[in-house]
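Under my numbering, the sequence shown has 294 at position 49, and the numbering climbs by one with no breaks.
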Amino acid sequence: MGIHTTLPPDLQEVDVIVAGGGTAGCIIASRLADADPKLSILVVESGRDNYNVPTVIHPLLWQGNYAPDDPRVFFHRAAKEEQLADRESLIQVGNTLGGGSSVSLMIYMRGQRCDYDSWNTRGWTADDMLPYLRKFEAYHGLGKKEHHGYDGPIQVSGGPFRSVEAENDFITAMREVGYHEVEDLQDLESIGVARIRKYVSPQGQRQDVAHKYLHPRLNDGTHPNLHVLVESQVVKVIFDDSRRASGVKFRPNPGMQSNPVGGPGKRTVKARKLVILSCGSLGTPPILERSGVGNPEILKRAGVPPIAELPGVGRDYQDHNLSVYVYKADLPPEATTDGIHSGRLDSSTLLASNEKMLGWNGIDASSKIRPTSAEVNALGPTFKEVWDRDFEGVPISLVIVVVFPLVNTSPLAFIQRIRIPGGMWTGYLSDKHGFDMKAQIWAYKKQREVIRRMAIHRGEVSYRHPTFPPGSKAAYVLETDEDGTPLAPSALKNLEYAPEDDAAIEDWIRHNITTCWHGISTCKMAPKEQLGVVDENLGVHDVHGLKVADLSIVPENVCANTMNTALAIGEKAADIFIEYLGLGQSERSAE
């Protein structure tokens, strides 16, 4: 296997360097190796190898990757922000081979057609992206054949285990509040509620890119020039006198190698043909800046000689944010993931018996929803002004994604589409119109009405909800009939909220809202004069032989989990680079 923790002596120079073995990087390296097995390729990954790691390959164990002492996730700390109750937000990113695909919740969710079209970039419309959205997937689900792929390396299925009672209950409750079940929520246009597919095989294995793209090629004996260097951090790109990328400097990751061979100093590896940065939205910008590519003011303060003045490097960070509300549920232990995450259930026992539950991520239903016209009007004229400008004329766009996971006593999560104005200031809830907060308050009320109408609902976990004033009609009461049985959904009326109740919800959100791990746009694909960093072919402006391919290139966020977009970027970028290197037929050149 061509995986190394130190650089072999015969790999001092290669044809292509891929800095970052994450979701896009693994795909790119694998497709380039297929296009020309003689091409020497080196992937440099900061984290460790993920091969057959239990918390990676078994969906049920995913939360183990987020333990404070686990190296597979890296925690970025943002500055304190007044609008977030002076909190420092933590932003987690994948720090292992396979990147986020190795540690994510495995939710299969595409953006909407209008999301990709909003990028306003030639070659990157929804119609341009659909072949790549199909290329990586082997889809097991409902929907029109032309919308999905069926022979790609990534299995998309419902997995071997589902909590059917809770799944049906959630979909029924969503219908009670006006949202109907759709056959295929990932056809780029549908809005509603659906039984979700996951990046999980029918047999129950996580479908991360390292196991599905990279490891098979490293082990098949037909890709001898594909190499991976793990536990090594790329520090900067090296340029020659013509501003052409000619290699990278890297160092052993001090968090992984306490006594690295050869000491902790920086080392250099040269690239004859191409350097590709794929270190993610928070990893790619600092490499560019240390290389002399970025905002000239930042470079000057850091004492870095400028190679290319690109003020857009590291700007316009966008993310989805997350609020989690927790409820009690009347379900048997085997219908939730509480046991494994609380430690009451021993994972070694499950592994020894190869339980089907190991192939479950605890999430079986999801939805994409919009407020009704009446709800928009009720949110006030300022909200309506922004809504009319950005959403009203695009009926397939959405504001909220609702996910119903049976994890830690059934939290309900909301992902909201927002724009972040740069740096390690998250910018959550900072828009001047207050649109984001109004949307969050609406979302909190909406999810309560859904959960109250679920037959399994047995109350709220108080510390994961706002504290309403004494006498508030919004305060929680489990409504029952005379014998203590919860009322049927048809007998429930919507809760009433006074202005002071809205204030309590707002206060809770400011103290609790966090990242949904979907950062994008820090090296966006746009003209230089629009603060773009890369062009439509992913080349960094004003330099040569340097490409960027990860979520940092996305100009506008998508109304979905971002792994699907990262996978498509990897496939499309690979075709772009195959054509750039003259390696033969790509889907682009065949068109």
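Note that CB positions come from ideal geometry on N, CA and C, so glycine has one too.
Beta-carbon spacing of residue i, residue j below 7 Å
i      : j      : result
LEU776 : GLY584 : no
ILE614 : TYR424 : yes
GLY386 : ARG442 : yes
LYS494 : LYS511 : yes
LYS518 : ASP260 : yes
GLY525 : ASP795 : yes
ASP609 : GLU741 : no
ILE336 : ASP294 : no
ASN297 : ARG317 : no
LYS792 : ILE532 : no
ALA330 : ILE823 : no
THR467 : GLY345 : no
ASN606 : MET808 : no
Of the listed residues the options, nearest to residue i (C-alpha basis)
i      : options                           : result
GLY492 : ILE272, VAL482 and GLY500         : VAL482
ASN739 : GLU694, LEU723, MET770 and HIS789 : GLU694
HIS710 : GLN431, GLY588 and VAL569         : VAL569
PRO499 : ASP486, VAL475, SER487 and ASP485 : VAL475
GLU600 : ASP564, GLY449, GLN563 and VAL571 : GLY449
GLY404 : ILE302, LEU555 and LEU791         : ILE302
HIS321 : GLU333, ARG462, PHE822 and THR807 : GLU333
GLU579 : VAL409, ILE754, LEU533 and ASP281 : VAL409
GLU705 : VAL401, TYR572 and SER618         : TYR572
GLN563 : SER598, LEU527 and SER587         : LEU527
Local conformation of residue i per DSSP, three classes
i      : result
ILE543 : helix
THR250 : coil
ASN297 : coil
CYS524 : coil
ARG489 : strand
GLU434 : coil
GLY704 : strand
HIS456 : helix
LYS518 : strand
PRO313 : coil
ASP260 : strand
ARG442 : coil
LEU651 : Because the pLDDT of LEU651 is 43, which lies under 50, any placement of that residue in the model is unreliable, and the question is left without a value.
MET351 : coil
GLU554 : strand
TYR395 : strand
PRO715 : coil
GLY784 : strand
GLU745 : helix
THR513 : strand
LYS792 : strand
GLU694 : helix
VAL631 : helix
THR725 : strand
For residue i: DSSP bridge partner residues
i      : result
PRO497 : SER477
ASN335 : According to the sequence provided, residue 335 is Leu. The question's Asn does not apply to it. Partner(s): ARG322.
LEU812 : According to DSSP, LEU812 bridges with nothing at all.
GLN233 : Here the chain covers residues 246 to 836 and nothing more, so residue 233 does not appear.
PHE484 : ALA490
ALA574 : HIS702
VAL288 : VAL263 and VAL473
ILE765 : GLN563
LYS370 : The residue asked about is misnamed: residue 370 is Thr in this sequence, not Lys. Note: THR370 sits in no beta bridge, so no partner.
GLU426 : VAL438
MET770 : VAL779
ARG451 : VAL445
VAL538 : ALA553
Sequence-distant residues of the same chain with beta carbon closer than 8 Å to residue i, five excluded per side
i      : result
ASP396 : ALA383
GLY625 : LYS683
ARG488 : ILE552, ALA553, ASP787, VAL788 and HIS789
PHE381 : ILE272, GLY394, GLY397, PRO398, ILE399, LEU812, ALA813, GLY815 and GLU816
GLY604 : HIS303, PRO304, LEU305, GLY404, PRO405, PHE406, VAL445, SER446, GLN448, GLY449 and GLN450
ASP633 : none
Residues near residue i in its chain [Cβ-Cβ closer than 6 Å; skip 5 each side]
i      : result
ARG276 : ALA819
MET770 : THR366, VAL779, ILE798 and PRO800
GLY559 : PRO530 and THR767
TYR689 : ILE750
ALA805 : MET354, ARG355 and GLY356
LEU459 : CYS271 and SER275
Own chain residues within Cβ distance below 7 Å of residue i, not counting five before or after
i      : result
MET699 : ASP414, PHE415 and ALA418
SER363 : GLU801
ALA720 : PHE713
ILE686 : ASP747, ILE750 and GLU751
GLU620 : TRP687
Check: residue i C-beta below 6 Å from any heavy atom of the ligand FMN
i      : result
ALA805 : Only the bare structure without any ligand can be found here, which leaves the ligand FMN out of the picture.
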